[in-house]
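Trainee: Per the numbering used here, the sequence shown starts with residue 141, numbered consecutively.
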Amino acid sequence: MTTLQRIQPEVNAYQFSFDEKLLGEMREAYASSLLPIFKSSRLIECFKGGKSFRFEIEENKQKYFLVSYGEAPLMWISNNSLDAYGMFERFFDSLNIKEEVKKLVDFDKEITMYCGFFVVGNHLDKEAWHVDYSNGANAYTLLTPLFELDKRHGHLLYRNEEESEPRRYAYKVGKAVLVGDHLLHTTEIYPETSEIRVLVSLTFGTDKLQYWDILKETIGGQSKYMVLPCGHVKDTCECLNKLSKTNRFKKLRPAVKLSPFRNPKEGPKTPMTITRNTLVVQAKEQVSADLQGDVAILNLKNSVYYGVDAVGPRIWHLIREPKSVSEILDALLSEYEVERECCEKDLLAFLEKLSKEGLIEIRDEKVS
Ligand SMILES: [Fe+2]
Ligand SMILES: [Zn+2]
Numbered sequence: 141m142t143t144l145q146r147i148q149p150e151v152n153a154y155q156f157s158f159d160e161k162l163l164g165e166m167r168e169a170y171a172s173s174l175l176p177i178f179k180s181s182r183l184i185e186c187f188k189g190g191k192s193f194r195f196e197i198e199e200n201k202q203k204y205f206l207v208s209y210g211e212a213p214l215m216w217i218s219n220n221s222l223d224a225y226g227m228f229e230r231f232f233d234s235l236n237i238k239e240e241v242k243k244l245v246d247f248d249k250e251i252t253m254y255c256g257f258f259v260v261g262n263h264l265d266k267e268a269w270h271v272d273y274s275n276g277a278n279a280y281t282l283l284t285p286l287f288e289l290d291k292r293h294g295h296l297l298y299r300n301e302e303e304s305e306p307r308r309y310a311y312k313v314g315k316a317v318l319v320g321d322h323l324l325h326t327t328e329i330y331p332e333t334s335e336i337r338v339l340v341s342l343t344f345g346t347d348k349l350q351y352w353d354i355l356k357e358t359i360g361g362q363s364k365y366m367v368l369p370c371g372h373v374k375d376t377c378e379c380l381n382k383l384s385k386t387n388r389f390k391k392l393r394p395a396v397k398l399s400p401f402r403n404p405k406e407g408p409k410t411p412m413t414i415t416r417n418t419l420v421v422q423a424k425e426q427v428s429a430d431l432q433g434d435v436a437i438l439n440l441k442n443s444v445y446y447g448v449d450a451v452g453p454r455i456w457h458l459i460r461e462p463k464s465v466s467e468i469l470d471a472l473l474s475e476y477e478v479e480r481e482c483c484e485k486d487l488l489a490f491l492e493k494l495s496k497e498g499l500i501e502i503r504d505e506k507v508s
């Protein structure tokens, strides 16, 4: 097992050494499918900088996706097929660092590699200080040179927020650095060189999809082909949909928010008991509007506004026409990943709130 060492106390970045032979497959792929296209007019433009670029590359049956780092002449060229991902993944596996990474992140079963990149450029005239991940991402970016850097090439500058003086990490073949959340860093400024500066980069970390919201800020737009924490390819996996439905359902409890502009003369109604067989429908004396997934309801009887969020809007739409509670329940169960009992309890509580506020009419269904 490879051991990781912090590059500096209190800094969320680690380094380790590895056998440079492990770079072999990537060196060949770089030489056969990327180096030849760098002479094309499109790539010459990218190397100049001053504009941002995003486009797909296919050369020698290898698929990549190029994203410039803003307008900097620094191109992140990511795997854009299972094939190319597989090459970076074999490199990741061969580094044998997963067990060590497990000590640094919250994970369930395994460390997931999200994406692999060649990072290329031949000069940089502005520093671009940034953090790779917001706090709590539970992920790292690995950086290692594919070839020894030219002595004029820029290395990595980093600092703790509190620290004013930047420190320097020097890239070396057979040595890699892992940059984690919260670490401020930039590539050093360097003059135009005839040699292209090539780094290999891998993003990896937690296999828990709950961190995707933080992770996607950084890695969501960096590449087209990407493996999500759950281990499935982005845009083909259903886990995220399920997760967002579960998360949304958890919000059902406080789904009705009362406005502070309540008219005190209009007290809330005494609620009728709602059961599975109760028929419910939106009250007539209200108007409602959809607001980016939430619903705003104005009760015309007491001029009170209500905001409904989470699963509330879905329920509100379902009861435009009279529906029995069990019909609503069945609809929700088919759309959300939620236990029946839990769903029923929340649904009844929500409908009782609506009823108490006079926003729905309820009647007992005649069971036929
Ligand atoms: Fe970075
Ligand atoms: Zn998935």
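For every residue, glycine included, the Cβ atom is placed at its ideal position computed from N, Cα and C.
Under 6 Å from any heavy atom of ligand 2, by CB: list those residues in chain order, please.
Mentor: Residues with a Cβ closer than 6 Å to any heavy atom of ligand 2, in chain order: L368, C370, H372, C377, C379.
Trainee: Which residues in the same chain have their Cβ closer than 6 Å to the Cβ of H457, if we skip the five residues on either side of it in sequence?
Mentor: As a first step, residue 457 is located in the sequence shown; it is residue number 317 there, counting from the start. Correct list: empty, nothing qualifies.
Trainee: Taking only heavy atoms of ligand 1 into account, decide whether any of them is closer than 7 Å to the Cβ of H270.
Mentor: Taking the sequence shown and counting its residues from 1, the one referred to as residue 270 is at position 130. Yes, the beta carbon of H270 sits closer than 7 Å to at least one heavy atom of ligand 1.
Trainee: By alpha-carbon positions, which one of L380, V451, K493, V151 ends up nearest to V319?
Mentor: Indexing the sequence shown from 1 puts residue 319 at position 179. With distances taken between Cα atoms, V319 lies closest to V151.
Trainee: For T284, verify whether its CB is less than 7 Å away from any heavy atom of ligand 1.
Mentor: Sequence index remark: in the sequence shown, residue 284 carries index 144 (1-based). No; taking the cut-off as 7 Å, the Cβ of T284 has no heavy atom of ligand 1 nearer than that.
Trainee: May I have the straight-line CA-CA distance separating E250 from E357, to the nearest angstrom?
Mentor: Sequence index remark: in the sequence shown, residue 250 carries index 110 (1-based). Sequence index remark: in the sequence shown, residue 357 carries index 217 (1-based). So the alpha carbons of these two residues sit roughly 22 Å apart.
Trainee: When we look at the beta-carbon of F401 and count the other beta-carbons within 10 Å, is it buried (16 or more) or exposed?
Mentor: Residue numbering aside, residue 401 sits at position 261 when the sequence shown is read from its first letter. Low per-residue confidence applies at F401: pLDDT is 44, beneath 50, and the placement is therefore not dependable, though the value from the model is reported in the following sentence. Exposed is the call here.
Trainee: Could you check the C-alpha separation between Y351 and R503 for me, to the nearest Å?
Mentor: Within the sequence shown, residue 351 is the residue found at index 211, counting from 1. Within the sequence shown, residue 503 is the residue found at index 363, counting from 1. Taking the straight line joining both Cα atoms gives about 44 Å.
Trainee: For R182, which three-state DSSP category applies?
Mentor: Along the sequence shown, one-based indexing puts residue 182 at 42. Three-state result, R182: helix.
Trainee: Counting only runs of 4+ residues fully inside the stretch 270 to 354, write out the alpha helix (DSSP H) ranges in chain order.
Mentor: Whole alpha helix (DSSP H) segments, 4+ residues: zero.
Trainee: If we ignore side chains and look at the alpha-carbon of each, how far apart do T415 and V465 end up?
Mentor: Here residue 415 refers to the residue found at position 275 when the sequence shown is read from its first residue. Here residue 465 refers to the residue found at position 325 when the sequence shown is read from its first residue. Rounded to whole angstroms, T415 to V465 spans 7 Å at the Cα level.
Trainee: Could you round the C-beta distance between I336 and N236 to whole angstroms and report it? I think they count as a contact, below 8 Å.
Mentor: Here the question's residue 336 lines up with position 196 in the sequence shown. Here the question's residue 236 lines up with position 96 in the sequence shown. Incorrect: roughly 29 Å between the Cβ atoms, too far for contact.
Trainee: Do L222 and M215 have their C-beta atoms closer together than 8 Å?
Mentor: For the purposes of this step, residue 222 is taken as the residue at position 82 of the sequence shown. For the purposes of this step, residue 215 is taken as the residue at position 75 of the sequence shown. Cβ distance not < 8 Å, so L222 and M215 don't count as in contact.
Trainee: So, helix, strand or coil for T358, using DSSP?
Mentor: Taking the sequence shown and counting its residues from 1, the one referred to as residue 358 is at position 218. DSSP places T358 in helix when its eight states are reduced to three.
Trainee: Who does N219 pair with in a DSSP beta bridge?
Mentor: Walking along the sequence shown from the start, residue 219 turns up at place 79. Beta-bridge pairing links N219 to Y204.
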